[in-house]
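Protein chains in written order, with numbering that gives the first Met the number 0: chain C, 0 to 193; chain S, 0 to 171; chain W, 0 to 379. A virtual CB, placed ideally from N, CA and C, is assigned to each residue, including glycine. This one's a predicted model, so the numbers in the text were calculated from it and none came from an experiment. Reviewing the structure listed below.
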Amino acid sequence: MTPNLPEPKLGAAQPVSPTAAPAPAAPVPPKPAVAAAPPSPTPAQPAPAPAPVLPNPLPHAPLPFKGVDYAAKGYHADATVTPDQVVFAAELLDKEGLSLDTITGVDWMAEGQMEVVYDYFHPAKALRVVVRTRIPRDNPEIPTIQKVFPGANWHERETHDFFGIKFLGHPNLTPFLLPEDATYHPLRKDFTQC
Amino acid sequence: MEAQDDSAQALKDCAPFVKFAKLDELLALGRANSLWPLTFGLACCAIEMMAAGASRFDLARFGAEVFRPSPRQADLMIIAGTVNKKMAAAVKTLYDQMPEPKWVIAMGNCAISGGPFVFPGQYAVIEGVDKLFPVDVYIPGCPPRPEALIEGLLKLEEKLTGKRRWPIVKAE
Amino acid sequence: MLVKDQLKTEIAADGSPRETFVINLGPQHPATHGVLRVKMTMDGEYVVRAEPVCGYIHRMQEKMGENRTYAQFLPNTSRIDYLSALTYTHGFVGAVERALKLQVPPRAEYIRVITSELNRISSHLVWWGAFLLDLGGFTPLLYAFDDREKILDLLEGITGSRLTYSYFRIGGLYNDIDDTFINGTRAFVAQMRPRLKMYRSLVTDNIILRKRLIDIGPITEEMCRKYGATGPVIRGSGVPYDVRKVEPYSVYSDLDFVVPTFEEGDSMARYLVRMEEMAQSLRIIEQGLDKLPAGPVMAEKVPRVLKLPAGDYCYAVEAARGRFAVRIVSDNKEIPYRVKLRTPSLSNLSLFEEASAGMLLPDALALMGSLDLVIPDIDR
């Protein structure tokens with residue numbers, strides 16, 4: 000009378016070694032990675048050894064993704080985009096089948112900028128992609144990716160709570176973790192008291 | 000004279016059957032042995048509170064097993080966890096909704112003084128729940144063991160009745 | 000008692016008028032497992048809209064990351080999700096070790112895995128007991144806590160703590176394990192397997208539980224991906240995503256275990272994923288004890304003053320609730336510049352608003368229980 004409980008699909012995932020470069024379906028010859036200029040060394044120190052150029056895991060993507068050493072940093076690809084490109088990046092990675100991991104804000108007060116870092120992960124293979132962008136600190140505005148990834152709704156509210164970054168087009172940019180009447184942004188580097 | 004001797008003798012004779020006590024003491028005994036806590040676990044200490052109510056440590060032995068979800072039916076509020084500025088209004092409302100006589104146990108370092116979350120520049124934590132309302136027993140620990148919660152309960156019972164019903168455990 | 004002007008008349012999708020009212024679930028509520036407030040717009044017994052309001056246990060963990068050195072932040076990591084405290088500490092020390100390129104000795108890695116899996120079982124037991132409590136059964140809670148006490152005894156013997164262990168250190172462990180722990184763990188594994196069978200026949204096969212959970216709260220794979228849901232939520236929707244398999248860390252690639260996945264996407268599927276995971280964790284613990292190498296438990300050259308090179312470093316682990324990831328941004332100082340904690344409960348709860356629309360209130364609570372939330376994990 001009682002229906003049989005479903006049996007688990009055990010062992011369905013093939014463990015993918017993170018060191019193997021995850022390739023898209025059609026084998027594409029790896030394009031040379033867009034080399035980022037290494038930071039210019041101060042005169043007192045010897046020049047740092049150039050980082051090994053790793054293949055770009057998303058070679059067909061029209062954004063400047065760089066391959067990153069996973070064992071050293073914890074992610075596979077990194078791209079620095081302009082603030083108006085974040086929605087395009089989100090749509091691109093959505094089509095690739097990635098999922099939104101988190102949105103981080105970083106307050107680079109000394110440089111007068113705020114950095115917004117979008118982390119994405121793939122639910123089927125080892126592919127962690129980082130998209131970062133910088134916005135001016137005194138008027139931090141960036142378009143929302145909430146229409147592409149509804150999960151970004153809360154991440155953006157939290158980033159707004161902590162940094163005061165305005166996500167343009169967000170339907171409900173009210174305090175999420177702070178009290179409803181909070182007007183302070185605690186993770187800014189010049190925050191002293193509320 | 001004879002009447003007094005008679006009554007003294009009568010008291011002695013019926014001592015095994017008839018007990019006299021002050022009503023206050025009876026009420027205090029009743030209240031102490033059946034404290035009904037409010038389910039108010041906020042954070043990590045709540046798990047140790049649940050463990051204290053579970054089978055190994057068993058708060059039911061002390062009459063305090065009946066955790067009431069509604070403050071109207073509870074007389075003991077065990078603040079188990081950190082109280083936030085956002086949560087403070089709700090905690091105060093719950094305290095006000097509890098009928099008298101009521102008691103408060105501050106369980107864990109966060110409820111006593113903000114715990115490990117106090118640092119210069121902190122903006123969210125109330126440093127100790129006794130800034131909101133009076134606390135009867137403080138149980139330190141992060142989180143305190145379930146035995147510590149039981150000891151706190153026994154201390155509260157001692158506060159109510161003046162007597163401790165379980166001897167203090169001495170380390171051997 | 001509701002007064003007339005608290006009822007709002009709306010026009011439903013099919014053109015019929017309906018009266019809705021807003022009730023608060025929480026922040027003090029036995030079913031919310033912590034201080035979560037859900038503003039529910041109800042149409043009688045049906046949920047029109049459930050809007051979670053968080054922040055009632057916001058404890059400034061990320062701000063403390065900027066005020067503490069790397070070693071001083073370790074106790075915080077246990078208190079983010081106190082039920083699987085060791086896995087969260089693993090995430091943080093893993094990020095620091097990755098940045099400093101520290102080689103953790105294999106014995107320490109195996110002990111980390113064994114204790115993390117014990118912690119996973121104890122977390123799932125608490126979830127199981129509390130979930131059944133939500134659905135109306137009090138007895139499984141007592142059984143679950145009884146088993147859990149055995150795990151806590153084992154872990155207390157080596158770490159000194161029952162709930163918020165700060166056992167892992169940057170570079171290894173604080174304390175080696177002894178024979179009491181090894182023999183006790185083997186005995187625990189031996190007695191836990193029949194207990195899981197008993198739970199299956201007593202609770203899982205119970206007709207009332209099946210009626211409460213089967214086909215309740217369907218969550219699609221696409222919804223999981225859009226919201227970033229991980230852990231048993233995504234594995235109950237047919238996607239075998241487990242950080243231990245997809246991005247293996249520590250010594251998980253040397254251990255043989257499977258990732259239980261169920262296709263249905265309802266609350267029963269998520270329930271079964273966790274019950275199976277407990278069995279798989281027992282397998283991992285046994286293998287870990289069999290393969291445990293001798294050696295030191297602390298890396299050799301751990302600098303006294305920890306300064307990570309400038310840049311950002313990430314590390315992800317599979318906690319009991321899903322994917323927990325740490326992103327440390329360093330500017331070459333002793334204290335981090337930014338510590339970002341990606342917690343699974345936040346992503347898992349963010350789909351609750353969409354998933355619970357139109358459900359009956361008890362079913363919505365069953366869905367929320369099957370998501371396995373720990374609220375300080377959301378609020379940090």
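Query, Result
"Beta-carbon spacing of Tyr166(W), Lys290(W) below 8 Å", "no"
"Local Cβ density within 10 Å of Glu148(W), reported as buried at 16 or more and exposed below that", "buried"
"Rounded C-alpha distance that separates Leu381(W) from Phe261(W)", "No answer is possible for residue 381(W): the residues shown for chain W start at 0 and end at 379."
"Cβ-Cβ distance between Glu320(W) and Val242(W) below 8 Å", "According to the sequence displayed, residue 320(W) carries Arg and not Glu. Taking 8 Å as the Cβ cut-off, Arg320(W) and Val242(W) do not qualify as a contacting pair."
"Collapsed DSSP secondary structure at Asp135(S) in the structure displayed", "coil"
"Alpha-carbon to alpha-carbon, Gly264(W) and Met367(W)", "14 Å"
"3-residue-minimum beta strand (DSSP E) runs that sit fully inside the stretch 83 to 130 of chain C, ordered along the chain", "98 to 107, 112 to 120"
"Straight-line gap, Leu117(W) to Val47(W) (C-alpha atoms, nearest Å)", "40 Å"
"Straight-line Cα distance separating Ala123(C) from Glu155(C)", "25 Å"
"Identity of the residues DSSP links to Gly66(C) by a beta bridge", "Ala76(C)"
"7 Å Cβ cut-off: residues of chain W touching Gly150(C)", "Lys225, Tyr226, Gly227, Ser346, Ser349"
"Near-chain W residues of the stretch 117 to 142 of chain S - C-beta to any C-beta below 8 Å", "Phe118, Pro119, Gly120, Gln121, Tyr122, Ala123, Val124, Cys141, Pro142"
"Reduced DSSP category for Gly114(S) - H, G, I as helix; E, B as strand; rest coil", "helix"
"Per-residue burial, Arg224(W) [other beta carbons within 10 Å of its own, 16 or more giving buried]", "buried"
"CA-to-CA distance, Met113(C) to Arg133(C), given in whole angstroms", "6 Å"
"Own chain residues within Cβ distance below 6 Å of Arg337(W), not counting five before or after", "Val328"
"Beta-carbon contacts of Gly96(C) that lie in its chain and below 8 Å, excluding the five residues immediately before and after", "His121, Pro122, Ala123"
"Through-space distance from Arg60(S) to Pro36(S), alpha-carbon basis", "14 Å"
"Inter-residue spacing [alpha-carbon to alpha-carbon] between Lys30(C) and Leu177(C)", "Residue placement at Lys30(C) is poorly supported in this model, since its pLDDT is 38, which falls under 50; the coordinates are not used for a value here."
"Helix, strand or coil at Lys165(C) according to DSSP, with G and I counted as helix", "strand"
"Met97(S) (DSSP reduced to helix, strand or coil)", "coil"
"Length of the line joining the Cα atoms of Tyr94(S) and Phe256(W)", "49 Å"
"Residues within the stretch 286 to 320 of chain W neighbouring chain S, beta-carbon criterion of under 8 Å", "none"
"Chain W within 8 Å of Ile46(S), Cβ atoms only", "yes"
"Given 8 Å, three or more beta-carbon pairs between the stretch 76 to 94 of chain W and the stretch 6 to 23 of chain S", "no"
"Uninterrupted alpha helix (DSSP H) stretches inside the stretch 41 to 81 of chain W (no shorter than 4 residues)", "60 to 64, 73 to 79"
"Secondary structure of Ser329(W), DSSP reduced to three states", "strand"
"Interface flag, Lys124(C) vs chain W, CB-CB below 8 Å", "yes"
"DSSP-derived helix/strand/coil call for Cys313(W)", "strand"
"Interface residues of the stretch 79 to 109 of chain S facing chain C [CB-CB below 7 Å]", "Lys84, Lys85"
"Contacting residues, own chain, Cβ-Cβ under 6 Å from Lys188(C) (five flanking each side not counted)", "Asp106, Met108"
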